[in-house]
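The next block holds one structure in the form of structure tokens; read it before the comments.
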Amino acid sequence: MQDQEVIALCRQGQTAKYALLVERYQKLIFGLALHLLQSPEEAEDVAQETFIRMYRQIEKNPDIDFLPYAKRVASNLCLDRLRRRAVEARYVSSTLPGEVIEKQTPERTTMEKAERIALRQALASLPSMYREVLVLCYGAELSYQQIADQLGVPLSIVKNRLYRGKRLLKDAYLHQEGGSENVL
24 MQDQEVIALC
34 RQGQTAKYAL
44 LVERYQKLIF
54 GLALHLLQSP
64 EEAEDVAQET
74 FIRMYRQIEK
84 NPDIDFLPYA
94 KRVASNLCLD
104 RLRRRAVEAR
114 YVSSTLPGEV
124 IEKQTPERTT
134 MEKAERIALR
144 QALASLPSMY
154 REVLVLCYGA
164 ELSYQQIADQ
174 LGVPLSIVKN
184 RLYRGKRLLK
194 DAYLHQEGGS
204 ENVL
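For the sequence shown, our numbering begins at 24 and goes up steadily by one.
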């Protein structure tokens with residue numbers, strides 16, 4: 024039975040048929056998540072969440088191309104988890120035992136916030152192909168090869184986009200900051 028036939032049956036009320044799609048693609052989705060997350064427990068959670076979201080999506084969109092959309096949902100869920108990990112790691116590593124923590128003044132907090140906002144705005148101004156690789160590399164902390172696999176492009180394209188994206192980001196940031204080289 025083809026995916027579209029199973030989706031049609033699910034939409035007609037035969038929701039038990041959805042198990043056919045889960046059985047058909049669970050190893051593939053789990054494998055994708057495991058490759059990106061390197062954690063079987065997290066990969067299992069992502070696979071479950073992917074199939075839940077896909078079920079909701081087929082109720083809304085009967086013409087959905089199931090497998091490509093499921094891969095995209097799983098990839099996005101993995102990227103979200105990787106971003107959360109990166110943020111958590113930064114907070115944990117920023118306060119090592121015995122380290123002297125600088126006092127955070129209101130002025131310093133305001134300046135750091137303004138710099139983050141300017142950097143986000145500069146990033147948002149970039150073309151999506153550069154913004155995407157920069158976020159995957161520095162936000163999600165993926166390797167170049169993982170980014171190439173995620174985007175389905177050759178490794179050389181990833182390297183090229185990162186190089187150009189960093190230059191464009193620096194130019195955009197400096198333009199917003201009036202030419203001062205504070206952060207970059």
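By construction, the Cβ of each residue, glycine as well, lies at the ideal position given by its N, Cα and C atoms. Computed from a prediction, not measured in an experiment: that's the story for all the values here.
Residue burial classification, residue i (beta-carbon count within 10 angstroms, cutoff 16)
i, result
"residue 77", "buried"
"residue 188", "buried"
"residue 186", "exposed"
"residue 133", "exposed"
As assigned by DSSP and simplified to three states, the class of residue i
i, result
"residue 72", "helix"
"residue 183", "helix"
"residue 84", "coil"
"residue 149", "coil"
"residue 130", "helix"
"residue 24", "coil"
Straight-line Cα distance separating residue j from residue i
i, j, result
"residue 139", "residue 193", "13 Å"
"residue 57", "residue 128", "42 Å"
"residue 87", "residue 27", "8 Å"
"residue 91", "residue 157", "23 Å"
"residue 85", "residue 97", "20 Å"
"residue 167", "residue 59", "12 Å"
"residue 63", "residue 155", "26 Å"
Element boundaries [alpha helix (DSSP H), containing residue i]
i, result
"residue 171", "167–174"
"residue 50", "41–60"
Pairing CB atoms from the region 153–163 with CB atoms from the region 92–108, are three or more of them under 8 Å? yes
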